[in-house]
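*Asks:* Have a look at the structure that comes next, please.
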Amino acid sequence: AQTVTQSQPEMSVQEAETVTLSCTYDTSESDYYLFWYKQPPSRQMILVIRQEAYKQQNATENRFSVNFQKAAKSFSLKISDSQLGDAAMYFCAYLDNDMRFGAGTRLTVKP
Amino acid sequence: DTEVTQTPKHLVMGMTNKKSLKCEQHMGHRAMYWYKQKAKKPPELMFVYSYEKLSINESVPSRFSPECPNSSLLNLHLHALQPEDSALYLCASKFSVAGNTIYFGEGSWLTVV
Numbered sequence: 001a002q003t004v005t006q007s008q009p010e011m012s013v014q015e016a017e018t019v020t021l022s023c024t025y026d027t028s029e030s031d032y033y034l035f036w037y038k039q040p041p042s043r044q045m046i047l048v049i050r051q052e053a054y055k056q057q058n059a060t061e062n063r064f065s066v067n068f069q070k071a072a073k074s075f076s077l078k079i080s081d082s083q084l085g086d087a088a089m090y091f092c093a094y095l096d097n098d099m100r101f102g103a104g105t106r107l108t109v110k111p
Numbered sequence: 112d113t114e115v116t117q118t119p120k121h122l123v124m125g126m127t128n129k130k131s132l133k134c135e136q137h138m139g140h141r142a143m144y145w146y147k148q149k150a151k152k153p154p155e156l157m158f159v160y161s162y163e164k165l166s167i168n169e170s171v172p173s174r175f176s177p178e179c180p181n182s183s184l185l186n187l188h189l190h191a192l193q194p195e196d197s198a199l200y201l202c203a204s205k206f207s208v209a210g211n212t213i214y215f216g217e218g219s220w221l222t223v224v
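Chains as they are written, first to last, in the numbering used here: chain A, 1 to 111; chain B, 112 to 224.
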């Protein structure tokens, strides 16, 4: 079964600074998708960014970018110019037929 | 319309009650999911329906009974629940089993008393 590991239970960043959240996964599949979701206190799961495994180019969405290393099965999220509204729980997720989540990283943004 | 609608938003039920959670989407998605999420934990997969047929049951207790009456609707029937079943229940959908974008509803908060 596919597993997703987030080794940082909590992270903290100063407003306007950059932070990187780590994620590794384990799979025997070659075709899959990886995601980062943000979950604020409202508990709504908000898609931050998506990466197709067959694409070598790293996905970017405004201030959010990923470092996808397929051979190493690593998928980190970089948040640039951090804002107070970025504070939330961040989940890394793996998708082929169903979606599996990592344990999450709680991000705090300090003003 | 990229919306997955869950009702009710909040539900309080006794351990002897029978209740249901409802999930609806009108995006033509043929894969639908139920997840359970406890506080400070990631969502845990419960059930997957593909083309209205149950394709994955993650060893969920029988007091949770899923139903997919049509391609737009997914229900979760609840009976004889325990207080430890109190959680956020998330519904999600995807265009197909091989699709690559999954959409989540806002969840139903369940409290079992």
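Every residue gets a Cβ at the ideal spot worked out from N, C-alpha and C, and that includes glycine.
1. Considering only residues of the same chain and omitting the five flanking positions on each side of P154/B, which have a CB-CB separation below 6 angstroms?
2. Beta carbon of Q25/A, beta carbon of L95/A: below 8 angstroms?
3. I need the straight-line Cα distance from L118/A to K130/B, nearest angstrom please.
4. Strictly under 8 angstroms for the Cβ-Cβ distance: is L156/B near chain A by that measure?
5. Start and end of the beta strand (DSSP E) containing F206/B?
6. Would you mind stating whether L107/A and D81/A have Cβ atoms separated by less than 8 angstroms?
7. Cβ closer than 9 angstroms: which chain A residues qualify as neighbours of Y162/B?
8. Note down, in chain order, every chain A residue with its Cβ under 7 angstroms from the Cβ of E217/B.
9. Starting from the Cα of G139/B, find the closest Cα among A150/B, F158/B and Y162/B and give me that residue.
10. Could you list which residues in chain A have their beta carbon closer than 9 angstroms to that of Y144/B, in chain order?
11. Using only alpha-carbon positions, find the residue among I167/B, L221/B, F215/B and R141/B that is nearest to P180/B.
12. So, do the region 183-193 of chain B and the region 115-132 of chain B have three or more beta carbon pairs nearer to each other than 8 angstroms?
*Replies:* According to the data block:
1. Here residue 154/B refers to the residue found at position 43 when the second sequence is read from its first residue. Taken in chain order, the residues that qualify are Y146, Q148 and L201.
2. For the purposes of this step, residue 25/A is taken as the residue at position 25 of the first sequence. For the purposes of this step, residue 95/A is taken as the residue at position 95 of the first sequence. Reading off the sequence shown, one finds Tyr at residue 25/A, where the question assumed Gln. No, the pair does not count as a contact, with Cβ atoms beyond the cut-off.
3. Nothing can be reported for residue 118/A: it is not among the residues displayed for chain A, which extend from 1 to 111.
4. Here residue 156/B refers to the residue found at position 45 when the second sequence is read from its first residue. It does; some Cβ of chain A falls within 8 angstroms.
5. Position 95 of the second sequence, counting from 1, holds the residue named residue 206/B. Careful: F206/B lies outside any beta strand (DSSP E) and carries neither H nor E.
6. Working through the first sequence from its first residue, we reach residue 107/A at position 107. Working through the first sequence from its first residue, we reach residue 81/A at position 81. Between L107/A and D81/A, the CB-CB gap reaches or exceeds 8 angstroms.
7. Locating residue 162/B in the second sequence gives position 51, counting from the first residue. Here the premise fails: no neighbours, minimum Cβ distance about 13 angstroms.
8. As a position in the second sequence, residue 217/B is number 106, starting the count at 1. Neighbours of E217/B on chain A, chain order: Q44.
9. The residue you call residue 139/B lines up with position 28 of the second sequence. Of the candidates A150/B, F158/B and Y162/B, the one whose C-alpha sits nearest the C-alpha of G139/B is Y162/B.
10. Translated into positions along the second sequence, residue 144/B becomes position 33. What Y144/B touches in chain A, judged by beta-carbon distance under 9 angstroms, is D98 and M99, going in chain order.
11. Counted from its first residue, the second sequence places residue 180/B at position 69. When each option's Cα is compared against that of P180/B, the closest is R141/B.
12. yes
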